Each structure stands twice: as C-alpha cells, then as structure tokens.
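Enquirer:
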Amino acid sequence: MSDPINFNISTPRLYITYYRPDIRSHTGFIWTATAEGRPPSERRPPTDADHAAAAADLVSVNETQLVDGYGVYLVLLKRDLGKENEGKQFADFREDLEKIGHVTMRLRKHNGASRVPDTGFRIVEEHWRKGYAIEASSALMEYFRKEKGLKDFFGYCAPGNEGSKAMLRKLGFENRGMRILRGVGGSGLGEEDWRVLVWARPHMESDLGVYGLKAEEVQMEDEKDE
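Take 1 as the starting number for the sequence shown in UniProt numbering and just add one per residue.
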C-alpha cells in the first residue's frame, strides 16, 4: 500500500479502492448508500453536516486502514474512458467512474471479538442482481489471501436478510447458526448486542471458539436458515 492515492484492486468489471474523506463526492456517496437502508421518510440528499460527519468517520477509518488494510472500500464500475486516458494513473480517472457501493473487511475490537476478520458488502439498489457484490467481495478476500496470507473469514447477517444469505452462500460461506455478539451495537436485543447468523469458510473448525469468537449460541425455530 505504498501509494494510497492510486491503490486499487481490479476485477473484470470493477475497481475497488479507498474512500477519500477529502472528496465531497465520496462523502456524499457513502452517506447516500447507507441511507438506502433507512425508512423512505429519512432518505434525502446529504447536507453539509452529513458530509462533515461522513468525512470524520472516513478519516478515522483511513488512519488504520492505510496501515492494516481493514476498513471500508469503495466499489467503482469500469467503463471505456477512451484512448486519451491510456497510460494515466488510476487517480487521474477515478472520479470519472460510477460509484456503485462498497465492500468491507473488518477486524473487530470489541470484547469477545474474533481474531478472524469478517467481510460485508453494500451495492446500491439500481445495481442489484448483477453479481457486483460477489465479484467485489471475492476480489477483496483474494487480496487479503495474497497480501496477508489469510484464509479464514467470517460473514455476519441478520436472520431475515434473505439477500445477504443468498450472497454469502454464493461466496462459498457456510451458515454456522444464530449467535448473539456482545458489544458490537446493532439491533434485536440491547444497544450493544447483535443477533446474527454467523457464516464461515467451509474449511474452518466447527467450534468457532478456536478463532476467539465469544458469542452466545441461540436456537430459534422461526429464524433458522434453510
């Protein structure tokens, strides 16, 4: 990561790169992409305060991401930019590309967190069902395999999120059951608890405690994954 300005992971259809907190189109996009998960009444164009809050969050993330790689990555759609861009560095044409979502690789720090990172994804609704989340997430995991020698990854999703469950299956993850993760925020129990389905790579041990994951296992018939 010697050149963070031009850093990118290239796939057949996408570029995966860092968010830039100093670029307004980046702070606006991450705010808008996150807002898609809110009720329609709360969806609106970002204000100056929203841009500032997003920038502050990205600065905090980037401080460690540039060192260890863990954080959120912007996903850009490739397109033919013409011969005039041949030979240019990535940063020279990055802002000409369409932003379609982001992927994450997080190594959580809360009490009881696993020593294994978890991956996630969010693609804006107009680009759903095109395979971009799978392409971007696969590339990010492959990058961490090559650069850090990692082969173990978790994925977390809400029990009722059928879209995320389908994506995790396609990415080759196995559902390891419902868990309550303590101290990470989220919803479903208390402010600091998160009821999720935990997904792991097929080769990983059945006892997730060997990876440092301290989570209460729960069985709820109406929320089992099929």
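Backbone N, C-alpha and C define an ideal beta-carbon position, used for all residues, glycine too.
Values in this document were obtained by computation on a predicted structure and should not be read as measured data.
Mind the definition here: the stretch 203-212 touches the stretch 157-173 only if three or more C-beta pairs lie below 8 Å; say whether that holds.
Expert: no
Enquirer: Would you report the Cα separation of residue 14 and residue 156, rounded to the nearest angstrom?
Expert: Residue 14 and residue 156 have their alpha carbons spaced roughly 24 Å apart.
Enquirer: Under the rule that 16 or more other beta-carbon atoms within 10 Å means buried, what is residue 89, buried or exposed?
Expert: exposed
Enquirer: Between residue 22 and the rest of its own chain, which residues show a CB-CB distance below 8 Å, the 5 nearest in sequence each way excluded?
Expert: Same-chain partners within the cutoff: 55.
Enquirer: So that I know if they touch, is there some Cβ in chain D lying closer than 8 Å to that of residue 91?
Expert: Structure shown: chain D not included; a single protein chain is present.
Enquirer: Can you give me the C-alpha to C-alpha distance between residue 146 and residue 140, rounded to a whole angstrom?
Expert: 10 Å
Enquirer: Just curious, the alpha helix (DSSP H) that residue 141 is in, first and last residue?
Expert: 132-148
Enquirer: Of the residues 211, 103, 35 and 49, which one's Cα is nearest the Cα of residue 8?
Expert: 103
Enquirer: Any idea what DSSP makes of residue 188, helix, strand or coil?
Expert: Residue confidence for residue 188 is low, a pLDDT of 41 falling below 50, so the modelled location carries little weight; the figure read from the coordinates is stated next. DSSP places residue 188 in strand when its eight states are reduced to three.
Enquirer: If the criterion is Cβ atoms closer than 8 Å, does the pair residue 81 and residue 99 meet it?
Expert: no
Enquirer: Taking only runs that begin and end inside the stretch 6-31, name each unbroken beta strand (DSSP E) of 3 or more residues, in chain order.
Expert: 14-18
Enquirer: To the nearest angstrom, how far is the alpha carbon of residue 91 from that of residue 25?
Expert: 14 Å
Enquirer: Leaving out five residues on either side along the sequence, give the residues of the same chain with a beta carbon under 7 Å from the beta carbon of residue 72.
Expert: Cβ within range, chain order: 19, 61, 102 and 104.
Enquirer: Would you please state the rounded distance, in angstroms, between the beta carbons of residue 121 and residue 133? I believe it to be under 8 Å.
Expert: Taking the Cβ atoms as the reference, residue 121 lies roughly 4 Å from residue 133, within the contact range of under 8 Å.
Enquirer: Note down the Cα distance separating residue 163 from residue 129, rounded to an integer number of angstroms.
Expert: 10 Å
Enquirer: If you measure between the beta carbons of residue 16 and residue 136, is that distance less than 8 Å?
Expert: yes
Enquirer: Quick check: the Cα distance between residue 66 and residue 58, rounded to an integer number of angstroms?
Expert: 12 Å
Enquirer: Just how far apart, CA to CA, sit residue 142 and residue 39?
Expert: 35 Å
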